[in-house]
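Below you'll find the structure, written out as structure tokens, and then a few comments.
There are 2 protein chains.
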Amino acid sequence: MATKTSTTPGPAEEGAKSSNMRSLSRAMEVFAELQRAERPQRLSDLARNCGMSLPTTLRILRVLQDFGMVSQTDKSYRIGPAVLPAAKSFLENDPLAVAGRPVLQQLATQTGMSVSLHTRLGFERILVARVQGKAPMQYDLPLGKRLPLTRGAAGKILIAGATDAELQQVVAAAIASGHEEQGFTVEELKSRLPEPGCDYAYSANERVVGVLSVGVALTNRAGRANESMALNCPAEATTEEKIKANVPELRRAASRLSELLEGSVY
Amino acid sequence: MATKTSTTPGPAEEGAKSSNMRSLSRAMEVFAELQRAERPQRLSDLARNCGMSLPTTLRILRVLQDFGMVSQTDKSYRIGPAVLPAAKSFLENDPLAVAGRPVLQQLATQTGMSVSLHTRLGFERILVARVQGKAPMQYDLPLGKRLPLTRGAAGKILIAGATDAELQQVVAAAIASGHEEQGFTVEELKSRLPEPGCDYAYSANERVVGVLSVGVALTNRAGRANESMALNCPAEATTEEKIKANVPELRRAASRLSELLEGSVY
DNA sequence: AATATAGTTTCATTCTATGAAACGCGATGA
DNA sequence: TCATCGCGTTTCATAGAATGAAACTATATT
Numbered sequence: 559m560a561t562k563t564s565t566t567p568g569p570a571e572e573g574a575k576s577s578n579m580r581s582l583s584r585a586m587e588v589f590a591e592l593q594r595a596e597r598p599q600r601l602s603d604l605a606r607n608c609g610m611s612l613p614t615t616l617r618i619l620r621v622l623q624d625f626g627m628v629s630q631t632d633k634s635y636r637i638g639p640a641v642l643p644a645a646k647s648f649l650e651n652d653p654l655a656v657a658g659r660p661v662l663q664q665l666a667t668q669t670g671m672s673v674s675l676h677t678r679l680g681f682e683r684i685l686v687a688r689v690q691g692k693a694p695m696q697y698d699l700p701l702g703k704r705l706p707l708t709r710g711a712a713g714k715i716l717i718a719g720a721t722d723a724e725l726q727q728v729v730a731a732a733i734a735s736g737h738e739e740q741g742f743t744v745e746e747l748k749s750r751l752p753e754p755g756c757d758y759a760y761s762a763n764e765r766v767v768g769v770l771s772v773g774v775a776l777t778n779r780a781g782r783a784n785e786s787m788a789l790n791c792p793a794e795a796t797t798e799e800k801i802k803a804n805v806p807e808l809r810r811a812a813s814r815l816s817e818l819l820e821g822s823v824y
Numbered sequence: 559m560a561t562k563t564s565t566t567p568g569p570a571e572e573g574a575k576s577s578n579m580r581s582l583s584r585a586m587e588v589f590a591e592l593q594r595a596e597r598p599q600r601l602s603d604l605a606r607n608c609g610m611s612l613p614t615t616l617r618i619l620r621v622l623q624d625f626g627m628v629s630q631t632d633k634s635y636r637i638g639p640a641v642l643p644a645a646k647s648f649l650e651n652d653p654l655a656v657a658g659r660p661v662l663q664q665l666a667t668q669t670g671m672s673v674s675l676h677t678r679l680g681f682e683r684i685l686v687a688r689v690q691g692k693a694p695m696q697y698d699l700p701l702g703k704r705l706p707l708t709r710g711a712a713g714k715i716l717i718a719g720a721t722d723a724e725l726q727q728v729v730a731a732a733i734a735s736g737h738e739e740q741g742f743t744v745e746e747l748k749s750r751l752p753e754p755g756c757d758y759a760y761s762a763n764e765r766v767v768g769v770l771s772v773g774v775a776l777t778n779r780a781g782r783a784n785e786s787m788a789l790n791c792p793a794e795a796t797t798e799e800k801i802k803a804n805v806p807e808l809r810r811a812a813s814r815l816s817e818l819l820e821g822s823v824y
């Protein structure tokens, strides 16, 4: 009764796997490109950035618009309202998001720290759930935020066992998304990652200055780790020692959630 | 300098406009179908409900999964985590959502009632923003909720000037989505709609028993009304007279928002 | 007004998307 | 244990959808 959950880490970013369903893949790239840039985009920008012809891009946009995935004002395009019901559906139906909330809540109460749950998507991670701790964590981290795999305990633990080839891609993506400087190398990244054999990651002032964190991966049996859970705390309220003392609790919560996910026969 | 904003009301639901980009249109239908059913879906269900062959449905799902729009556990599919960043992008960049929030906030403070902002999508409307009033409105109405056009002031005002042919489609969609009973007719619907010439709609106990509401449409110059704003209040805290007394304020807020939307040169 | 730039439509060609059929596989039941 | 069934997956030949060049229109810039 093996349960295999996956949101394939596949392309998700710049064209990679080609072949199947070309037009659909391209449409998804246009859609992704629209999100990447904060500002609304013009047709010609989208076409150029996605590397496709104007007519093709236009046709894609028109269909997406018909379904509300894209809206248009004058000549500029942006994400449309149909994504809201989709997000609602995800938050209400995805086992990770649903089962995760109470687990996070309990852990936050136990530890007094903020707890967050991330899913890997391509070469980034996405914040899927979060519960505030006692120390309020001023900086804002809303649901759906795209975060790097290269920084923060919750990111690093997801690439702890990765091959050099994959780390290379991770680094490239982090640079492309502006999370790392231009010259950032795999070697530098490796120096941050947990020692082999260590099942948790630690970070201090890595993604956000003044914040410490520890993170562990959820165990999707028979598959590369795809989700992670982390504790965050402002430096004023904790120390490396103290936050690491919570790793056993964190580990326990993560196992509990992993088991819940296996159990639910979706 | 006419500003034309549109999220085409087009298909969005059951296949309608066919022709262009068949594979993409079908993919969007699969995606929509996945949201419609709360429960995760099996491949064969999706294929049947969308009226397409198994191989085609499978190929579509695989591509959507590559981009995180869909996730799979064993043999069942559901909406994937990539919709969260998309929703975030919408909420942060869409002029309606962005400009709407402060306007709603102010109106809620002024009137003490809950204020909500909706966008038409296909033959439904979607809750895009909401601010609670003093009387807390117990029932939950989260962002992204799909609501009918046939009930509630915010819905009815969006079809106030519609043709019979269109009302017929609205009625069909409302029945299909379970918002209206099987035998519901266009005539019944018409009896609820505001009198011709009246620029606001009123409802009492229509969608939710014990709630009164008034709604007005935003004026996208040169286009069918696509967005609406409404005040809601529990019956204990107001009366038809009292809530209607707020219509001028509501109208004013809606105009203000409409102007903001025109102004922003996106 | 003239020019340049961006968007849109047309159309012939190519190759992708498609479903029928064959296959694999696990579950159910005899 | 074996046969049967249902569902998912792969293969493959074919139809027709997706594509980009080019022509055309609209909009901005000088």
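Protein sequence lines, in the order shown, are assigned to chains A and B.
So the mapping is simple: this note's numbering equals the position in the first sequence, first residue as 1, plus 558.
So the mapping is simple: this note's numbering equals the position in the second sequence, first residue as 1, plus 558.
For every residue, glycine included, the Cβ atom is placed at its ideal position computed from N, Cα and C.
Backbone secondary structure at residue i - three-state DSSP
| i | result |
| --- | --- |
| C756(B) | coil |
| G773(A) | strand |
| R792(A) | Checking the displayed sequence, the identity of residue 792(A) turns out to be Pro instead of Arg. Note: P792(A) maps to strand in three-state DSSP. |
| T563(B) | Residue placement at T563(B) is flagged as unreliable, the pLDDT there being 44, under the threshold of 50; a coordinate-derived value is accordingly withheld. |
| P613(B) | helix |
| Q599(A) | strand |
| E650(A) | helix |
| A732(A) | helix |
| V673(A) | strand |
| L705(A) | strand |
| T631(B) | strand |
| V766(B) | coil |
| R678(A) | strand |
| M579(B) | coil |
| A585(B) | helix |
| R620(A) | helix |
| R810(B) | helix |
| L751(A) | coil |
| E739(A) | coil |
| A687(A) | strand |
| R594(A) | helix |
| R782(A) | coil |
Alpha-carbon to alpha-carbon, residue j and residue i
| i | j | result |
| --- | --- | --- |
| E764(A) | G710(A) | 6 Å |
| L649(B) | L642(B) | 11 Å |
| V769(B) | L662(B) | 19 Å |
| M671(B) | H737(A) | 43 Å |
| R617(A) | L612(B) | 26 Å |
| D603(B) | E794(B) | 45 Å |
| E587(A) | R606(A) | 12 Å |
| T667(A) | L819(A) | 22 Å |
| L619(B) | L725(A) | 28 Å |
| P754(B) | S761(B) | 16 Å |
| M579(A) | M579(B) | 12 Å |
| M559(B) | T615(A) | Residue confidence is low: M559(B) scores 34 on pLDDT, short of 50, so the model does not pin down where it sits. Its coordinate-derived value is still stated next. For M559(B) and T615(A), the distance between alpha carbons rounds to 25 Å. |
| E799(A) | D632(B) | 40 Å |
| C791(B) | T721(A) | 58 Å |
| E682(B) | A644(A) | 14 Å |
| R594(B) | M610(B) | 17 Å |
| Q727(A) | I801(B) | 58 Å |
| N778(A) | V766(A) | 28 Å |
| R810(A) | F589(B) | 35 Å |
| T743(B) | P598(B) | 32 Å |
| Q740(A) | A734(A) | 9 Å |
| A693(B) | V673(B) | 12 Å |
Inter-residue CB distance, residue i and residue j (contact presumed, cutoff 8 Å)
| i | j | result |
| --- | --- | --- |
| A655(B) | V686(B) | 5 Å |
| I715(B) | G773(B) | 5 Å |
| L701(A) | K646(B) | 7 Å |
| L699(A) | L808(A) | Not really, about 18 Å apart at Cβ, beyond 8 Å. |
| L751(A) | A788(A) | Wrong, their Cβ atoms sit about 15 Å apart, outside the cutoff. |
Whether residue i touches residue j by CB criterion (8 Å)
| i | j | result |
| --- | --- | --- |
| L705(A) | V729(A) | no |
| A732(A) | L707(A) | yes |
| E596(B) | C608(B) | no |
| S634(A) | R600(A) | yes |
| T669(B) | G691(B) | yes |
| E636(B) | D757(A) | Correcting the residue identity first, residue 636(B) is Arg in this sequence and not Glu. Going by C-beta atoms, R636(B) is not nearer than 8 Å to D757(A). |
| V712(B) | S771(B) | Note that residue 712(B) is Ala in the sequence shown, not Val. For A712(B) and S771(B), yes; Cβs fall inside 8 Å. |
Should the segment 783-793 of chain A be called in touch with the segment 678-695 of chain A, which here means at least 3 C-beta pairs below 8 Å? yes
Can we say the segment 646-661 of chain B touches the segment 806-818 of chain B, given the rule of at least three CB pairs closer than 8 Å? yes
May I ask you to verify whether the segment 577-591 of chain B touches the segment 615-628 of chain A, counting CB pairs closer than 8 Å and requiring at least 3? yes
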